Structure formats: structure tokens, C-alpha cells
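What follows is a set of notes on a single structure, which appears directly below.
In full-length UniProt numbering, the protein residues as written are 1 to 991.
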């Protein structure tokens with residue numbers, strides 16, 4: 001049986017006279033190499049040993065001491081799978097579809113990776129990005145630029161280190177020991193395994209040690225990749241201490257130089273090597289230390305063997321002292337060479353873990369004296385006095401160890417033993433992140449992250465992200481990972497903090513992505529926000545991208561439809577449907593405008609807001625990709641909602657398009673242009689048999705017909721105005737013919753709209769959905785501006801609001817006011833000082849609110865508002881009219897509770913305003929045609945239509961509109977009389 005040779009004396013800080021004491025703290029014996037091949041010949045050295053920590057086949061292996069045991073524990077725990085085959089698409093796929101995320105499951109549906117793998121992917125992505133930056137900037141940039149790029153690369157490595165720690169602490173699973181492997185009596189190795197498996201503090205220390213050694217190993221691999229080699233390339237040219245050997249062969253008599261070249265010579269003779277050999281030994285020991293620091297015990301052992309089995313000398317260098325001090329947890333001798341935070345943290349944690357394991361093993365040995373005696377006899381050693389136990393440790397060593405993880409981190413901050421660069425590094429952002437992860441203080445970590453990325457107190461714009469996008473990105477990612485890793489372990493208070501502060505950080509990152517035009521990614525993160533915040537954020541982003549290109553808008557739409565459910569029954573989950581509804585609702589609200597003293601362009605600005613209202617429909621006209629579940633159903637619902645909202649806007653636009661000017665109203669024609677293409681597919685997307693769908697489609701077609709007529713009329717009016725500015729003698733035949741053709745087309749379209757055999761235009765005849773009751777009211781709310789006859793805005797005040805209220809009351813009789821319990825309220829808008837808020841309320845009655853609305857005119861509230869829109873209020877400033885910005889009507893209980901919309905009121909109001917105006921415009925075009933020599937048959941038809949009781953159009957006219965119609969009628973008769981006179985004059989000449 002081969003027995004290991006006795007070890008040499010330890011470093012001088014142990015008692016040199018007590019060989020038994022040195023033996024007690026001895027760590028390493030000689031380990032035979034599994035291969036005689038030198039690493040210098042090109043044979044790759046395995047990163048991890050093939051030996052297993054807890055089991056090898058059906059038995060638990062035994063290690064002679066705690067030092068070897070700890071190395072095996074690390075090798076066992078560090079044996080992880082290779083994740084190089086993962087790609088970046090799976091990283092974002094893991095967050096896709098909020099409903100598919102399940103923290104209780106080890107993986108995700110559809111082949112998406114679990115979060116432990118996501119953490120590794122984050123780490124690998126940061127490392128790859130850092131390496132790319134370093135390689136891209138080498139030799140190609142100026143000094144300052146290269147330094148900035150290197151700093152960027154280092155920050156990414158720091159982030160990769162934080163992700164790696166998170167994986168070791170939360171993503172790396174525990175290996176459970178099979179119970180049948182523990183056969184009594186258990187060995188020291190088994191007891192150590194059991195301790196490390198069950199003790200939380202030891203587990204934490206082990207994971208931290210593995211993490212730090214993994215970082216160092218990654219650094220060595222990177223160095224080898226860049227330089228072609230790394231530490232451990234020591235190659236003696238001829239034996240050991242070859243310079244000293246040559247010196248001795250020359251028979252020099254320098255008493256300060258050793259006389260022999262065995263490894264004990266320096267200690268035995270009290271002499272030294274030649275400086276070159278001593279320096280070479282120090283370099284060798286530095287390489288050994290570096291390999292041990294990276295957890296590469298096998299490589300360090302192989303390096304020792306290849307260099308001739310270097311043995312300690314009495315006055316060894318600092319690396320030799322550190323190597324041996326590491327085996328006995330003597331931080332006083334280790335920390336002087338730890339000049340970076342990672343090395344110092346590793347030394348402290350490894351030493352503390354070694355002490356914990358040795359204390360457990362010493363207690364175990366104390367409880368089994370008979371087996372210890374058996375072991376001594378088998379090893380051929382003399383029995384030793386039982387001195388095991390905590391009291392047998394040197395107090396100088398025990399006093400150096402921390403009591404808990406907080407004490408360990410405090411030593412990194414302020415211990416006299418650590419290098420000043422270590423204490424300074426504790427203030428770095430990622431070092432603070434890592435220390436909080438190690439201590440488990442996640443709540444403070446969240447506050448820390450938010451303090452770094454939140455807007456400063458001087459910056460009043462909370463919507464602007466801070467100038468640290470990397471930390472914002474890291475903060476958002478780590479919040480998401482922690483939510484799913486800790487979902488089953490969180491207390492209510494901590495869960496609320498993780499949601500509240502985490503949402504602030506994620507919200508900040510979404511805004512950063514949005515500001516960088518990365519709309520395709522915002523849904524990944526916005527979908528993880530609390531419902532109301534998610535909805536509000538998407539609404540804001542959609543509003544800001546309303547004037548962007550269709551491609552940009554579609555990216556944002558796609559991001560929402562891919563990562564959010566279209567509709568949700570869960571009140572805590574945001575949905576695309578809710579976002580769309582919020583966008584549509586807010587688009588109709590008047591936008592505050594900063595006005596100067598000149599109010600001449602206020603009305604024009606309000607008209608331009610109609611364009612923004614119309615463009616919102618574009619969000620409903622995008623086609624979801626076929627990869628989305630139920631994409632056809634979603635497309636159909638979006639199209640139906642687009643029709644409904646378009647009809648609402650068409651009603652409002654029609655009431656601000658009454659002025660007879662050649663300029664086209666931009667809002668309605670933008671709507672028609674946006675909806676033209678989607679409606680070509682309506683048969684494939686929506687059911688035309690659905691009453692609601694068919695009603696909205698019919699109304700849309702009515703508005704399409706009306707605005708086609710409106711555009712044609714304005715085209716004719718433009719020709720007329722241009723021709724009127726030129727003397728008749730200068731007009732060409734072509735110019736005259738263009739005006740005549742436009743007038744004829746206007747009349748043709750007008751008669752198609754006015755003369756319908758089946759359903760009248762914009763039919764408001766309907767059965768009320770509300771059952772008759774004494775407490776059902778009708779409400780109409782309008783936001784409008786007051787316009788003078790010149791078109792300029794009239795600035796409202798309390799006096800004008802009171803006068804307008806009285807004028808609106810005066811449009812109906814006192815009896816009607818009392819019978820219908822009419823209430824009118826007019827106030828200056830709190831959002832826009834140029835706008836007024838008009839609220840009307842009356843009691844619902846049969847035919848107007850209940851039953852069948854046969855009058856087809858919108859009822860009482862429509863008649864009141866029509867007078868205001870037409871500028872015909874008797875007790876108000878003459879000619880001042882209301883131009884609408886928003887108009888809504890609904891059924892209520894009189895106390896603000898809405899029961900249902902009352903669209904018939906708005907449609908009837910539009911009929912009261914649009915049909916009389918259409919007839920007046922047609923009369924205007926007919927008279928122009930008669931002046932051009934055409935017949936007056938068109939005028940006669942229009943007069944008959946208005947006079948007919950069956951058409952029901954007469955009562956839609958206001959008093960002033962009837963007067964204007966009569967003037968047009970008179971002009972028609974005069975033109976007819978003139979034409980007859982001309983014909984009579986021509987008869988004698990013809991005869």
C-alpha cells in the first residue's frame with residue numbers, strides 16, 4: 001500500500017516547534033496525476049474533475065480531508081449543461097404572452113426556456129457583447145474613444161457577473177443525496193456532504209465561491225482566446241533552478257547562495273537562490289494562485305508537477321504564503337495579494353466555508369474515537385491526543401472569520417486587511433447589486449436600482465429616461481426575473497414592493513425603448529406592468545406615434561397584439577381591447593392649446609384637431625399576423641369598432657363642416673381614406689347579418705355618400721369662386737364647362753341622397769332599448785367653441801355662459817321645460833379656456849326616449865342643440881354659433897349613472913343640420929346652372945321635396961334656413977320668368 005509522504009513544515013506564522021499542531025491543520029497531500037501527459041505538450045486540461053461530489057455509481061467517495069472535499073463539492077456543483085445552442089429569439093420568447101408565463105412550472109409552453117436558462121442567456125449575451133466591443137475597437141479608434149469603448153465593455157462584463165451570481169443563488173438547483181447511500185457508520189466525507197446540502201449558510205458560501213471562481217475561469221478563457229495562452233505556461237528550460245545549478249558547478253563560495261538544489265535546501269541552509277530563479281519561482285506560484293483562484297485545482301496540480309513539484313521554503317514569497325494560507329483560512333496572509341473585489345470576496349467566503357466544514361468534521365471525529373483509532377492504525381500513524389473541536393483552532397484564524405454574510409460584506413467595506421481598491425470597488429453599482437443579492441436584501445436592491453434610474457429632483461419631466469440606459473435595461477430585466485423566481489416565496493409586503501418599484505423601473509425601460517424607436521420590444525416589457533399602468537403607457541405611446549409612418553405605427557401595434565390578450569376576463573391583466581378603447585376615448589377629448597392674444601386662428605386649430613381624431617382609426621385598421629391566435633376574429637372586431645367610432649366622428653365632423661367654403665374638411669376625408677382598404681375585406685371579417693354590424697355599416701355608407709356630395713359641392717364652389725373673380729369675357733369655354741359639370745354632379749349626388757325609396761338618409765327611427773319608467777332621463781353633453789359670423793373665436797366667460805344658458809332654455813316653451821324637467825348647464829371648459837361645456841338633461845317620454853322614435857329628428861335635446869349650432873338663439877348675440885368638438889348622448893337615471901347610449905339623438909341632430917344645408921346647397925347649384933342656360937327642373941324638385949308632408953323635411957329647417965330657402969325659391973322663379981321672357985322674345989323672330 002502506497003502511503004503519502006509526510007508534508008513539509010507550514011509557513012512560519014504557525015508554531016515551528018509543534019509538528020502535531022502543524023499536522024492538524026495540514027490541508028493537501030500529494031495527488032497522483034491521472035495522466036502522465038504534460039499540459040505543455042498540448043493536451044487540454046479538463047475544467048472540472050470527473051469525480052462526483054455526492055455519489056459515484058452506487059457509493060459515496062471518501063476524501064482524506066476537508067480541503068479536498070471542498071474542491072470536489074465545487075466540481076460537483078459546477079457541472080452544468082452547455083447552453084451555447086440557445087439563440088436570442090428564445091430569450092424574448094420567454095416573456096411572450098403574459099398568460100403563458102407560469103412561475104410554478106420548470107419551463108414554458110411552446111418550447112420556451114425556463115427562467116434559470118434565461119439568466120444564463122443574459123449573462124452570455126453580455127459577455128458576447130463585451131467581447132465584440134473589445135475586439136471591434138482594437139487599433140481602430142483614437143485613444144479617448146478606445147478608452148470609452150473599453151469602459152463600455154467592462155460595464156457589460158460587470159453586468160454579466162451580476163447575472164451569473166443571480167443564477168448561482170436562485171437558478172442553480174440543489175443536488176439531493178439518495179438516502180440509501182448513507183450507510184452507518186457514515187464517513188467524514190458523507191457528513192460533510194450532508195452538512196453542505198442542508199446548511200443554508202454553507203450552501204450560500206459554496207454558491208458564492210463557485211460564482212467567483214467561475215468568473216475568474218471565464219477571464220482565463222477570454223485571455224487564452226485573445227492572447228493564445230494564459231497562466232500555467234511555465235516551462236523550465238533545464239531542470240529545476242537551472243541558473244543556480246550552473247552557478248554551483250562553477251564552485252563559487254558565496255555563503256548566501258544554497259549549496260544544494262533539493263527543495264528543502266533553502267530552509268535547511270538558511271540561504272537563497274539566485275535572483276532569477278527566485279523570480280521564476282514567484283511567477284510560478286503566482287500562476288498556481290491564479291489557477292486556484294479560478295477553481296482549477298487539476299490545472300494547478302499539473303502545473304506543479306510539470307515544474308518539478310515545488311515545495312515550500314522558509315522565506316517563501318507572498319503567493320506561496322497565500323497558497324498555503326488559503327488551506328487553513330488565514331485571511332491575514334491571503335488578503336494582501338487580493339487587490340480586486342472579486343478576489344477578496346472569494347478569499348473571505350472560501351475561508352469561512354472551510355472553517356464551517358472543518359468544525360463540523362471535528363465534531364464528527366470527536367463523536368467517533370474508535371473509528372479514528374482504526375484510521376490511524378490503517379495509515380501507520382501513531383494515535384494523537386483528541387484535540388479536535390473549535391477550541392483547537394488558532395484564535396487568530398477564528399477571529400478573522402465573519403459571523404454571518406452581513407459581517408463578511410462589512411469586512412469588504414472597511415476591514416483593515418483588505419486593499420483600498422477593494423473598499424473602493426464596494427461603491428461600484430454592480431458590486432452593490434451583488435452584495436445585496438448575496439445578503440438577500442432584495443427590497444433594498446429595488447430601492448437602489450430605482451434611485452439610479454429615476455429622474456432627479458431637478459428634472460421635472462418624469463417621462464424622460466435617465467442617461468444610464470444600461471442600468472435601466474438591467475434593472476428591468478432583473479425585476480422580471482426576480483418576480484418569477486420568487487413568486488412562491490414572497491410575503492405580501494415584499495410582493496407589493498416588487499410590483500410597485502419594479503413597475504417604475506420597467507416603465508422607465510419601456511420609455512427608453514420607445515425613445516430609441518424600438519417599438520417592437522415595448523410589448524415584451526409593458527405586458528408585465530400592472531394593468532392600469534400598462535394601458536396608460538400604451539395609450540401614451542400610441543398618441544405620440546400618431547403622426548409617424550405607418551411602418552412605425554404597425555411595429556407598436558404588433559408589439560401590443562403579440563404580447564397582450566385582445567380581451568381579458570381577468571381584471572388584473574391589461575388587454576388590447578381596453579387600450580384601443582382608451583385611445584379612442586382620449587382622441588375625442590379637446591387638446592389644450594396655448595393661445596396668445598390673437599384668437600383669429602382658434603377655430604382653425606380646432607378644425608385641425610379633427611385630423612388627429614381621424615388618424616386614430618388607423619390603429620384599428622392594421623391586420624394582425626396570422627401567427628396570433630384567433631387573428632381573424634381580432635381583425636373582425638377591430639373593423640367593427642372602426643366602423644362604430646368612425647360613425648361617431650362623422651357625426652361630429654358634419655356639424656363643423658357647415659360653412660360654404662371651397663376647402664375640404666380634413667377629418668372626414670382622412671377617415672374615408674383610412675377605411676377604404678379594410679372595408680374591401682369586410683365580407684371575410686364580419687357577419688353582415690348581425691343587426692349591430694349592419695346598422696353601423698349602413699350609417700357608414702350614408703356618411704360616405706354625404707361626404708362625397710360635400711366634396712363635389714366644394715369642388716363646384718371653388719370653380720364658381722375662381723370664375724367669379726374673372727370677367728365673363730375672359731372666361732374660357734373649358735372653365736365654364738368645368739363649373740357646369742361640377743354643378744350637375746353635385747345635384748345628381750344630392751338627389752340620390754335626398755330621394756330614397758327604402759330607408760331615409762341617416763335614419764334615426766328606432767325602438768328604444770329602455771323600458772318605460774318614471775326615472776329615466778336623456779342627457780346630451782357637448783364641448784364646443786363659440787364662433788362669430790366672421791369665423792373668429794369668441795372667448796367665453798361667466799356672463800356669456802349665463803346668457804347662453806338662458807338662450808338655450810328659450811328655444812322651447814315653459815310648459816315643455818316643466819313637463820320634460822329640462823336642465824341646461826353651460827360652463828367654461830377647465831381644459832381649454834376657449835371651449836364651453838354644455839350639458840342638457842330632460843325626462844324621457846313616449847316617442848322620445850321610450851318606444852318608437854317616429855319623428856326621426858332626435859327629439860327635444862336635438863332641437864335645442866340644433867339652434868345653437870345654426871347660430872339662431874333668440875336671446876344670445878346674433879350670428880354666434882357653436883362649433884362642436886365632442887358630442888355624446890345617453891340614457892341615465894338622472895344622477896350620473898349611464899344606462900345606455902342614445903345614438904338616435906345625435907343622428908337626429910345631424911339630420912336637422914345636414915339635410916337643410918344639403919338642400920340649400922343644391923338650390924345654390926341649381927340657380928347657377930339656370931344662369932348657365934340649363935333648365936330649372938332641379939329647383940322644382942327640391943321645392944316639392946321640402947313642401948311634401950311625407951318627406952318630413954320641412955320641420956328640420958330653422959326659421960333662418962327657411963328664409964334662405966324662400967330666397968333661393970324666389971330667385972328660381974325670377975330666373976324662370978327671365979327664361980320665359982327670353983323665349984317669348986325669340987318667338988316672333990323665329991316666326
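Backbone N, C-alpha and C define an ideal beta-carbon position, used for all residues, glycine too.
Since the structure is predicted, the reported quantities are computational estimates derived from the model, not experimental observations.
Stretch pair the region 503-520 + the region 481-489: three plus CB contacts closer than 8 angstroms: no
Stretch pair the region 563-578 + the region 520-532: three plus CB contacts closer than 8 angstroms: yes
Through-space distance from residue 442 to residue 495, alpha-carbon basis: 11 angstroms
Residues near residue 637 in its chain [Cβ-Cβ closer than 6 angstroms; skip 5 each side]: Correct list: empty, nothing qualifies.
Expected contact under 8 angstroms - CB spacing of residue 883 and residue 972 to nearest Å: Not a contact, Cβ separation roughly 31 angstroms.
Residue 685 - DSSP class collapsed to helix/strand/coil: helix
Among 610, 849, 639, 627, nearest to residue 619 - alpha-carbon criterion: 639
Three-state secondary structure (DSSP) of residue 781: In the three-state reduction of the DSSP assignment, residue 781 falls in the strand class.
Where residue 959 falls: helix, strand or coil (DSSP): helix
For residue 716, the nearest candidate out of 926, 127, 363 (CA to CA): 926
Beta carbon of residue 590 nearer than 8 angstroms to that of residue 835: yes
Three-pair Cβ contact test at 8 angstroms for the region 747-764 versus the region 907-922: yes
Stretch pair the region 638-653 + the region 693-701: three plus CB contacts closer than 8 angstroms: yes
DSSP bridge partner residues for residue 836 (one or two, in chain order): Looking at the DSSP output, residue 836 sits in a beta bridge with 784, 828.
Inter-residue CB distance, residue 719 and residue 733 (contact presumed, cutoff 8 angstroms): Not a contact, Cβ separation roughly 13 angstroms.
For residue 272, the residue or residues it bridges with in DSSP: 257
Residue of 562, 536, 547, 557 minimising C-alpha distance to residue 585: 536
Inter-residue spacing [alpha-carbon to alpha-carbon] between residue 414 and residue 553: 54 angstroms
Residue 767, DSSP secondary structure in three states: strand
Beta-carbon gap between residue 512 and residue 469 smaller than 8 angstroms: yes
Residue 801 to residue 845 span [Cα, whole Å]: So the two alpha carbons sit approximately 28 angstroms from each other.
Residue 898 - partner residues in DSSP beta bridges: Its beta-bridge partners are 892.
For residue 188, the residue or residues it bridges with in DSSP: Partner(s): none; residue 188 has no beta bridge.
Extent of the continuous alpha helix (DSSP H) run through residue 471: 469-485
Selected residue, minimal CA-CA separation from residue 933, among 983, 956, 398, 903: 983
Cα-Cα separation between residue 815 and residue 656, rounded to whole angstroms: 32 angstroms
Segment limits, alpha helix (DSSP H) that includes residue 640: 631-655
Extent of the continuous alpha helix (DSSP H) run through residue 874: Segment: none, residue 874 is in no alpha helix (DSSP H) and carries neither H nor E.
C-beta atoms of residue 783 and residue 886 nearer than 8 angstroms: yes
8 angstroms Cβ cutoff met for residue 852 and residue 924: 8 angstroms or more divides the Cβ of residue 852 from the Cβ of residue 924.
Rounded Cβ spacing between residue 437 and residue 446 (contact assumed at less than 8 angstroms): No, residue 437 and residue 446 are not in contact; Cβ-Cβ is about 12 angstroms, not under 8 angstroms.
Collapsed DSSP secondary structure at residue 814 in the structure displayed: helix
Residue interval of the alpha helix (DSSP H) (run including residue 524): Residue range 519-526 is occupied by the alpha helix (DSSP H) that includes residue 524.
Host alpha helix (DSSP H) of residue 698 (start-end): 691-724
Limits of the alpha helix (DSSP H) - the one that residue 453 falls within: Start and end: 442-453.
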